[in-house]
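Participant: Let me begin by handing over the structure; questions about it come next.
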Amino acid sequence: MGLYKIWNEMHHVGTTHVGGGSDRHTGETKYIAACETEDCGWSAAFDTFDAAMIAAQGHRCPVR
């Protein structure tokens, strides 16, 4: 299954991507903020898009 079928929206904030999609178990929309730096590994899941964007804007990558 391609990403276009999983994610409703994708946004890029610095080194962090924010995406939203349906939870396959409950069907509710969830949002994830994840750092794209190779050795960072930071990610977090949120119930609202605004919370995910705030987390993405506040993330300071220790690797970069």
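Residue numbers (this note's numbering): 2 to 65.
Glycine residues also receive a C-beta, built at the ideal position from the N, C-alpha and C atoms.
If we call anything under 8 Å between Cβ atoms a contact, is C36 one with T17?
Facilitator: As a first step, residue 36 is located in the sequence shown; it is residue number 35 there, counting from the start. As a first step, residue 17 is located in the sequence shown; it is residue number 16 there, counting from the start. Yes.
Participant: Give a yes or no on whether the minimum CB-CB distance between R25 and chain C is below 8 Å.
Facilitator: No chain C appears in this structure, which consists of one protein chain only.
Participant: Enumerate in chain order the residues of its own chain whose CB-to-CB distance from H31 is below 8 Å, with the five nearest sequence positions on each side excluded.
Facilitator: On the sequence shown, residue 31 is found 30 positions in, with the first residue counted as 1. Reading off the sequence, residue 31 comes out as Lys, not His. Closer than 8 Å at the Cβ level, and outside the excluded window around K31, lie G21, G22, S23, D24, A46, F47, D48.
Participant: How is the alpha helix (DSSP H) around G59 delimited, first residue to last?
Facilitator: For the purposes of this step, residue 59 is identified with residue 58 of the sequence shown, where counting begins at 1. Start and end: 50-59.
Participant: Could you give the first and the last residue of the continuous beta strand (DSSP E) run that contains H18?
Facilitator: Locating residue 18 in the sequence shown gives position 17, where the first residue counts as 1. Looking at the DSSP string, the run of the beta strand (DSSP E) that includes H18 is 17-23.
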